[in-house]
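Here this note's numbering = 1-based position in the sequence shown + 2.
Each residue gets a CB set at the ideal place from its N, CA and C atoms; glycine is no exception.
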Amino acid sequence: MSGDGNDSLDCDDVNVRIRGVYTTALTQLFLDSGFDVVGVSGAIDRRFDEKFPAAGHDVAVETTDDRQGVGVEGDPEAVPAVRDSLVNALGRDTFAWPDPTPRGSVFRGRVTETLGGGAVVDLTVGSAGEGDADTGGPMTTDHLASEGYLPFDNADEHVSVGDELRVQVTSSSPPWANRRPELDTTIRAYGGVAVLERGREGTTVDTYDDRAARELAGMTDLLGLEPPDGWGLKWTHAATDLEMNALSSGLEIAIERADALEQTLSGAGETNQTGSARPEALASPGAGTWLWFGRESRFALDARRRDVTTTMPGHHRIKAGAEPAGSGVDFVEALCEPDGDDEFPFETVTAQFGPHEDEEIRIEHGKPDGRLITLGAGTVTELEPDGTLTVERPMTGRGSYDGLGVAREEGDVAVTKFREGRWWYPTTYRDESGTPKGTYVNVCTPVEIFPETIRYVDLHVDVVRHGDGTVERVDDDELDAAEAAGNVPADLAQKARAVASALENAL
């Protein structure tokens, strides 16, 4: 699992704010690890026998939009401590990747394409160290090419292909999502609850509570802190619940980052022109990490949550699969107290939320480096009570089948059997008469069968059975390279090799 190379703080020096479907479990995990959890909701406050401080946060942990994992964003010295606590406490199938475009990072990029509502901006920088800026933390952009999306409404001037722009990331995106980070030409300094905007004036509060906004604006004058000239202050809604010391701390951080950004950007000069210079990373006051939770990890989170409140088997597994399932889980847990030692009710969950026979389902093939490849969609032809799902896909007549060395022909069909929780799955390729051409067995993290998708992370090493019955193990070298690169930890690589060996013997 990749790290971002920063030295981390001690846990008891870090304030963490958590949001999303994993909040209760992660609150328990972070408390056990010695972190201070702040900014909690009323539900979390009631659920825990704990006094949560009313303070700003150093790190924000938020569930991703697809509920597959979390993003960790904040102080570059604190993010590694939070990341490590998650990786060490959860299952072998927790993967972590540094964010090459954390919120607040500033780039000199080049517009490569204009779309209906905005522009695609190339942010790709060179090798490690190139373009780094001493603005509060090292850049983490050395391992991934990056593009960002700049809505035209976020641009100060007309934008054309070839323009070089100085842009800042306002929201990032996990590596497995098919979405570019969003950009803005307005520069902001983030201090948790306090945000300073370059080129703005005065103090505003981002809240619908007018009374609270007036009170906070009045309290700001009492803090004795002045933003740099040319920077306006915007408080977040969370700031309306904080005391003077927490407000002061957040504003101090924002001022420090604004001063550093001002110094860096004034030296870099204004940029909005057409040229040939390569993209450059100018500043990264914060850091970010994305974590993907696999099936083992979700059940480990269930155990943490069960220490606090009633939690049915597969609580997080079900909520990750379909947003409407969340209310069903909540209803079950409010109505009764399920035994945590019971089996995950796969058959019941699937009957209620899917997939069902004759429906279409996507196969989403994760890679240990963070990419997500959709292998296509197929039709569910059989669903068994033990969690086995048979999917058939028609194949095109181009190329050949990897590992098997036989041609793909029109009329071929791929028949794949997935079983919930299994560390492998077989795909048999048949010609139009039904004769097998060979079987390819993928070794992967435990399979999760969600209502519309099947997900796992491929572990490179695989086993194939050729049409003549010959069995061959392939791609050990790719697993070795992924382990050496830190994308697959040693215990997970060992498990993958053991599964491959068992498959060799069985086939």
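Tell me the residue span of the beta strand (DSSP E) that contains residue i.
i    : result
H462 : T455 to H468
E485 : Counting along the chain, E485 falls outside any beta strand (DSSP E), though it belongs to the alpha helix (DSSP H) covering D478 to A487.
F452 : Looking at the DSSP string, F452 is not in any beta strand (DSSP E), and its letter there is neither H nor E.
L385 : L374 to L385
G368 : E362 to G368
E203 : Element bounds for E203: n/a, residue is neither H nor E.
Y403 : Here Y403 belongs to no beta strand (DSSP E), and DSSP marks it neither H nor E.
R21  : N17 to R21
P230 : Per DSSP, P230 belongs to no beta strand (DSSP E) and is neither H nor E.
For residue i, which residues from the same chain have a beta carbon less than 6 Å from its beta carbon, with the 5 sequence-adjacent residues on both sides left out?
i    : result
V195 : G58, T238, A240, A241 and G252
L146 : Summary for L146: the model assigns pLDDT 47, below 50, so the residue's position carries little reliability; its value from the coordinates is reported in the next sentence. So the qualifying residues of the chain are P102.
E485 : A495
E349 : P387
A409 : S402
A215 : V207 and T209
V334 : M314
Using only CA atoms, which one of the options lies nearest to residue i?
i    : options                   : result
L391 : A322, R410, V417 and G407 : V417
A121 : S87, G106, D95 and L167   : L167
S162 : P183, E149 and L117       : L117
V42  : E52, D34 and G36          : E52
V415 : V408, L406 and T398       : T398
R21  : T66, R307 and G330        : T66
N17  : L337, V40 and L152        : V40
G223 : G232, T205, D231 and W233 : Residue identity differs from the one stated: residue 223 is Asp in this sequence, not Gly. For the residues G232, T205, D231 and W233, the minimum Cα distance to D223 belongs to T205.
G150 : V463, L185 and V108       : L185
S268 : I189, E361 and G440       : I189
C13  : A27, A45, D34 and T25     : D34
P326 : A336, V351 and E298       : V351
V84  : V169, N180, I257 and D38  : D38
Reducing DSSP to helix, strand and coil, say where residue i ends up.
i    : result
H239 : helix
C446 : strand
S251 : helix
G5   : For G5, the pLDDT reaches just 40, beneath the cut-off of 50, and the residue's location in the model is therefore unreliable, although a value from the coordinates is still provided. Three-state result, G5: coil.
S148 : coil
A27  : helix
R395 : strand
R48  : helix
E39  : The sequence as given places Val at residue 39; Glu does not occur at that position. V39: strand per DSSP, three-state reduction.
T1   : Residue 1 lies beyond the residue range present for the chain, which begins at 3 and ends at 509; the question has no answer from this structure.
T143 : Unreliable positioning characterises T143 in this predicted model, as indicated by a pLDDT of 36, which lies under 50. The coordinate reading is nonetheless provided below. DSSP places T143 in coil when its eight states are reduced to three.
G138 : Legend: pLDDT at G138 = 33, less than 50; position of this residue unreliable, value from coordinates given subsequently. G138: coil per DSSP, three-state reduction.
T437 : coil
E264 : helix
R432 : strand
E282 : strand
L198 : strand
A256 : helix
K53  : coil
What is the residue span of the alpha helix (DSSP H) that residue i lies within?
i    : result
K497 : A492 to A508
T418 : Where T418 is concerned, there is no enclosing alpha helix (DSSP H), although the beta strand (DSSP E) it sits in stretches over V415 to R421.
A215 : D212 to L224
E349 : F348 to F355
Return the chain-ordered list of same chain residues with a C-beta closer than 7 Å to the C-beta of residue i, the five sequence neighbours on each side being excluded.
i    : result
R424 : P448 and V449
G232 : R200 and G201
G138 : Confidence at G138 is low in this model, with a pLDDT of 33, below 50, so its placement is unreliable and the value that follows should be read with caution. Same-chain partners within the cutoff: P78, R259, A262 and P287.
S173 : R105, P183 and E184
E132 : Its pLDDT being 36, under 50, E132 is placed unreliably in this model, and the coordinates cannot settle the point.
Considering only residues of the same chain and omitting the five flanking positions on each side of residue i, which have a CB-CB separation below 8 Å?
i    : result
A500 : none
V23  : T65, R69, H318, K321, A322 and G328
T376 : R364, I365, E366 and H367
Ordered list of alpha helix (DSSP H) runs contained in the region 64–136, each at least 4 residues: Taken in chain order, the complete alpha helix (DSSP H) segments of 4 residues or longer contained in the region 64–136 are 81–91.
field: Runs of beta strand (DSSP E) lying entirely within the region 151–191, each at least 3 residues, in chain order
entry: DSSP runs (the beta strand (DSSP E)) wholly in the region 151–191: 165–173 and 184–186.
task: Go through the region 284–336 residue by residue and report every complete run of the beta strand (DSSP E) that reaches 3 residues or more, in order.
output: Listed in chain order, they are 289–295.
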